[in-house]
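One structure below.
In the numbering used here, the protein residues as written are 2 to 212.
Structure representation (structure tokens):
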């Protein structure tokens with residue numbers, strides 16, 4: 002069954018989380034003309050590795066989302082302090098409720114409820130509350146996931162993987178991370194593709210499915 006979504010909202014706790022978790026799928030949806038919004042809740046200025054400027058991730062996320070053909074006006078940046086989301090849980094929930102009211106997405110992509118990172122966990126829990134009447138898929142981040150159920154898949158082609166890689170290459174400040182390598186990105190997409198008999202795919206947990 003092929004479903005066409007009019008509006009998709011990506012919830013990224015930090016800049017680059019959306020690209021890592023579902024960058025190939027974003028590229029595929031953009032190709033089909035879907036209206037895509039990307040909300041990043043922290044620029045992680047406190048954890049930017051020196052000698053990079055503190056605002057480097059703002060520059061990088063703008064470049065990466067441009068590669069994925071997300072309109073500049075659909076990139077929504079918040080400035081919550083990295084690793085302190087739990088302290089601001091209510092404010093984050095209110096921001097998410099506002100996003101729901103203003104965008105009215107058909108589909109939300111966000112971190113797994115089993116994500117161990119404290120900021121990711123806050124976004125997933127509050128996201129589920131804010132968008133409980135919307136279809137929600139949780140994207141995969143193996144380095145943070147305590148466990149992950151591959152319940153849903155989005156088939157990808159070579160061009161989608163190439164766009165994901167190119168988008169992530171915009172994050173020069175994060176390039177030292179093992180999971181930022183092209184080899185890892187391709188390997189995970191190949192693994193998920195093998196599960197469903199195609200070359201590449203991204204996997205998701207189904208949190209809400211409404212159609």
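No residue lacks a Cβ here, since even glycine has one placed at the ideal position from N, Cα and C. Please read these numbers as outputs of a predicted model, since none were measured by experiment.
- In the three-state scheme derived from DSSP, where H, G and I count as helix and E and B as strand, residue 180 is classed as helix.
- The beta-carbon separation of residue 15 and residue 120, rounded to 7 Å, stays under the 8 Å limit for a contact.
- According to the DSSP assignment, residue 64 belongs to the alpha helix (DSSP H) that extends over 57 to 68.
- Under the three-state reduction of DSSP output, residue 207 falls in the strand class.
- The C-alpha of residue 75 lies about 6 Å from the C-alpha of residue 39.
- In the assembly as shown, residue 66 is a buried residue. Its beta-carbon has 16 or more other beta-carbons within 10 Å.
- Apart from the 5 residues on each side of it in sequence, residue 45 sits with its Cβ closer than 8 Å to the Cβ of 15, 16, 58, 83 in its chain, given in chain order.
- Judged by DSSP in its simplified three-state form, residue 154 adopts strand.
- Under the criterion of beta carbons closer than 8 Å, residue 154 and residue 87 do not qualify as touching, at roughly 31 Å.
- Uninterrupted beta strand (DSSP E) stretches at least 3 residues long and entirely within the region 102 to 127 occur at 108 to 112, given in chain order.
- The alpha carbon of residue 142 has as its nearest neighbour, out of 160, 24, 92, the alpha carbon of 24.
- Boundaries of the alpha helix (DSSP H) around residue 166: 159 to 170.
- In this structure, DSSP gives residue 8 an extended state, which the three-state scheme calls strand.
- Boundaries of the alpha helix (DSSP H) around residue 28: 18 to 32.
- In the DSSP assignment, the residues bridged to residue 136 are 108.
- Per the coordinates, the alpha-carbon of residue 36 lies some 6 Å from the alpha-carbon of residue 9.
- Counting of Cβ neighbours within 10 angstroms places residue 193 among the buried residues, the total reaching 16 or more.
- Judged by beta-carbon spacing, residue 79 lies within the 9 Å limit of residue 43, meaning their Cβ atoms are closer than that value.
- Between the alpha carbons of residue 98 and residue 64 lies a gap of roughly 27 Å.
- The three-state secondary structure of residue 202, taken from DSSP, is strand.
- As a beta-bridge residue in DSSP terms, residue 78 pairs with 41.
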